[in-house]
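Chain order of the listed sequences is A and B. When we follow the working numbering, the leftmost residue of the first sequence carries the number 785, and every step to the right adds one. When we follow the working numbering, the leftmost residue of the second sequence carries the number 785, and every step to the right adds one. For every residue, glycine included, the Cβ atom is placed at its ideal position computed from N, Cα and C. Keep in mind it's a predicted model, so treat the numbers as computed, not measured. Below is one structure, written out as structure tokens; comments come after it.
2 protein chains.
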Amino acid sequence: MSAARALELSKQFKAIADPNRLRLVSLISSSDGSEACVCDLTEPLGLGQPTVSHHLKILVDAGILHREKRGVWAYYSLVPGALNTLADVLSESR
Amino acid sequence: MSAARALELSKQFKAIADPNRLRLVSLISSSDGSEACVCDLTEPLGLGQPTVSHHLKILVDAGILHREKRGVWAYYSLVPGALNTLADVLSESR
DNA sequence: ACTCGATATCGATATCTATCAATGTTTGTG
DNA sequence: CACAAACATTGATAGATATCGATATCGAGT
């Protein structure tokens with residue numbers, strides 16, 4: 785694996801290598817319609833709103849979540865295939 | 785996903801969420817006999833021996849690598865199934 | 001236009017992390 | 001036993017990160 789490829793992948797793995805962000809991804813994927821807004825996510829995580837927004841931004845910047853603003857609410861959903869790419873990397877190194 | 789489970793998984797994801805450690809796993813898995821000693825890993829990574837030992841320890845502590853001392857050399861290999869578990873977690877959240 | 005509610009951004013801080021130089025430990029060899 | 005090689009550990013430091021409080025932005029309704 786090239787250093788460049790490793791750096792690229794590590795950015796995505798870093799994004800999910802946090803307990804609260806893992807729970808965010810899990811909560812969103814199991815939400816109704818596979819999307820959720822920030823207000824639905826602060827309470828189950830026990831974190832403040834700015835902190836949740838911060839984590840969501842990291843996941844969006846890493847290409848793992850998609851953000852769609854509808855009215856006052858921001859809806860977050862999984863980017864199709866993003867996690868599969870990471871899963872494949874791990875599966876290939878068995 | 786429970787907070788405890790998320791914390792447990794995040795420790796393993798943190799272990800591989802580093803470009804040098806991703807390359808270590810890749811190098812080891814593609815090595816002859818699927819194992820490598822520290823002396824084989826410092827040069828391709830361009831890191832010092834203590835730094836490589838540090839990264840390997842993190843991967844061992846996370847349950848991703850196995851360490852076997854034979855003579856003066858320490859041979860590192862993948863723990864069977866460890867990466868598959870992580871891959872499955874990602875696949876389940878599609 | 002004004003206000004309110006939802007979300008994002010900013011600033012600060014405490015904690016963690018990666019790296020290296022130096023040193024310690026262990027194993028094989030003469 | 002002394003020495004050398006492979007590896008681990010320690011100490012120090014610079015950089016990254018998580019969290020929070022305060023503030024800014026943005027859209028909806030009155």
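Can you tell me where the alpha helix (DSSP H) holding L840(A) begins and where it ends?
Locating residue 840(A) in the first sequence gives position 56, where the first residue counts as 1. That run of the alpha helix (DSSP H) goes Q833 to D845.
For a quick check, are the C-beta atoms of A799(B) and I812(B) less than 8 Å apart?
Working through the second sequence from its first residue, we reach residue 799(B) at position 15. Working through the second sequence from its first residue, we reach residue 812(B) at position 28. No, the Cβ-Cβ distance between A799(B) and I812(B) is not below 8 Å.
Extent of the continuous beta strand (DSSP E) to which A790(A) belongs:
The sequence position of residue 790(A) within the first sequence is 6, counting from 1. Not the beta strand (DSSP E): A790(A) falls in the alpha helix (DSSP H), residues A787 to I800.
Status (buried if at least 16 other CB within 10 Å, exposed otherwise) for R878(B)
Numbered from its first residue, the second sequence carries residue 878(B) at position 94. Exposed is the call here.
Only counting the same chain, and skipping five residues up and downstream in sequence, which positions put a Cβ closer than 7 Å to that of L831(B)?
Here residue 831(B) is taken as the residue at index 47 of the second sequence, counted from 1. Once the five neighbours on either side are set aside, the close Cβ partners of L831(B) are N804.
For R854(A), write down the residues that DSSP places opposite it in a beta bridge.
Start at 1 with the first residue of the first sequence, and residue 854(A) comes out as number 70. Bridge partners of R854(A): W857(A).
Please report whether the beta-carbon of P803(B) lies at a distance below 8 Å from any beta-carbon of chain A.
As a first step, residue 803(B) is located in the second sequence; it is residue number 19 there, counting from the start. So yes, P803(B) belongs to the interface.
Any C-beta of chain B sitting closer than 8 Å to the C-beta of S861(A)?
On the first sequence, residue 861(A) is found 77 positions in, with the first residue counted as 1. Taking Cβ atoms only, chain B never reaches closer than 8 Å to S861(A), which makes this a no.
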